[in-house]
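In this text, residue positions in the sequence shown follow the UniProt record's numbering: the first is 1, and each later residue adds one. C-beta: ideal position from N, C-alpha, C; glycine also. Below: the structure, in structure tokens.
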Amino acid sequence: MDFTLEQIPPKEILPGLHGKMVHGSKMSLVFWEVECGAEVPPHHHEHEQIMHVMEGQFEFTLEGVSRVYGPGDLVLIPSMATHSGKALTPCRLMDVFSPVREAYR
Numbered sequence: 001m002d003f004t005l006e007q008i009p010p011k012e013i014l015p016g017l018h019g020k021m022v023h024g025s026k027m028s029l030v031f032w033e034v035e036c037g038a039e040v041p042p043h044h045h046e047h048e049q050i051m052h053v054m055e056g057q058f059e060f061t062l063e064g065v066s067r068v069y070g071p072g073d074l075v076l077i078p079s080m081a082t083h084s085g086k087a088l089t090p091c092r093l094m095d096v097f098s099p100v101r102e103a104y105r
């Protein structure tokens, strides 16, 4: 199966976080358009996650340690690790989740 990102309608998961989701049988891929100032509150989940910052500046906190990430930066978020974030500028992010992020279907 193939398609383009333009064919996928975005979903606003949290205020200012618009994601285009692609789901396989064992993982989910999400392309985010994040408005400046949008926040992801502290949370954790069973999914292992990899975040890739494609554009912008994103302040990310993992297990109490905060850092600002920019284009090309990657963060591995272990299962059940508490994390949060805030867009310091408009951002484009890509997240990979395993297993499938059913809440995003």
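Distance between residue j and residue i (C-alpha atoms, nearest Å)
i: Glu33; j: Pro90; result: 8 Å
i: Met80; j: Val100; result: 15 Å
i: Val68; j: Arg92; result: 14 Å
i: Asp2; j: Ile8; result: 11 Å
i: Met27; j: Arg105; result: 12 Å
i: Gly16; j: Gly24; result: 25 Å
i: Val75; j: Ser98; result: 14 Å
i: Glu55; j: Asp95; result: 13 Å
i: Val65; j: His45; result: 18 Å
i: His43; j: Lys11; result: 19 Å
i: Leu14; j: Glu6; result: 21 Å
i: Asp73; j: Gln49; result: 14 Å
Which listed residue (the options) has its alpha carbon closest to that of residue i
i: Glu63; options: Asp73, Gly85, Ala103, Gly16; result: Gly85
i: Ala38; options: Pro9, Asp73, His18; result: His18
i: Val22; options: Gly16, Glu35, Thr4; result: Thr4
i: Lys20; options: Glu12, Leu14, Phe31, Ile13; result: Phe31
Cβ-Cβ separation, residue j to residue i (assumed contact under 8 Å), whole Å
i: Pro71; j: Val53; result: 6 Å
i: Ala87; j: Phe58; result: 6 Å
Buried or exposed (CB count within 10 angstroms, at least 16 for buried), residue i
i: His47; result: buried
i: His83; result: buried
For this session: Run through the UniProt domain "Cupin type-2" (31-97) for me and flag every whole alpha helix (DSSP H) of 4 or more residues, listed as ranges in chain order.
Result: Counting only runs of at least 4 residues, the UniProt domain "Cupin type-2" (31-97) fully encloses no alpha helix (DSSP H) element at all.
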